[in-house]
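Numbered per my numbering, the sequence shown spans residues -10 to 81.
Ideal Cβ placement from N, Cα and C applies to all residues, glycine included.
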Amino acid sequence: MGIDGAEKMSLMPGCELRGEIFTQRDGWVGCRFFGTMVVKGRLVLSPSAEVQGVLVAGSIDVEQGARVEGICFVGPHGIEEWKRYLETRSAG
């Protein structure tokens, strides 16, 4: 599953998604997500969010009750750091 260039990504409570999501805008997560999520803007994880995998975002707000397991790359250089991490893993 892939989403690219959406105005704003919203993953509503009650759904479960697996795979990869890439968006140039902001994102809001209220569901279960397993995989890689790359959000160029601000990512908000609501209290009902359960995320496992890789998160890459310009900024992340994790609200009380949200569950996150995995690795996060946050900030203005998050995407570059994530790419470097991928290169290091594939080389080693």
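> What is the residue span of the beta strand (DSSP E) that GLY59 lies within?
Replying inline: 56 to 63
> Would you call the CB atoms of VAL27 and VAL40 closer than 8 Å?
Replying inline: no
> Which value, in whole angstroms, describes the spacing of the CA atoms of ASP15 and SER48?
Replying inline: 9 Å
> Are CYS20 and GLY3 close, meaning C-beta to C-beta below 8 Å?
Replying inline: yes
> If we count the other Cβ atoms within 10 Å of its Cβ and call it buried at 16 or more, is HIS66 buried or exposed?
Replying inline: exposed
> By a C-beta neighbour count over all protein chains shown, 10 Å radius and 16 as the cutoff for buried, is MET1 buried or exposed?
Replying inline: exposed
> Where does ARG14 fall in DSSP's three states?
Replying inline: coil
> Between which two residues does the alpha helix (DSSP H) harbouring ALA80 extend?
Replying inline: Where ALA80 is concerned, the enclosing alpha helix (DSSP H) stretches over 67 to 80.
> DSSP three-state call for ALA38: helix, strand or coil?
Replying inline: coil
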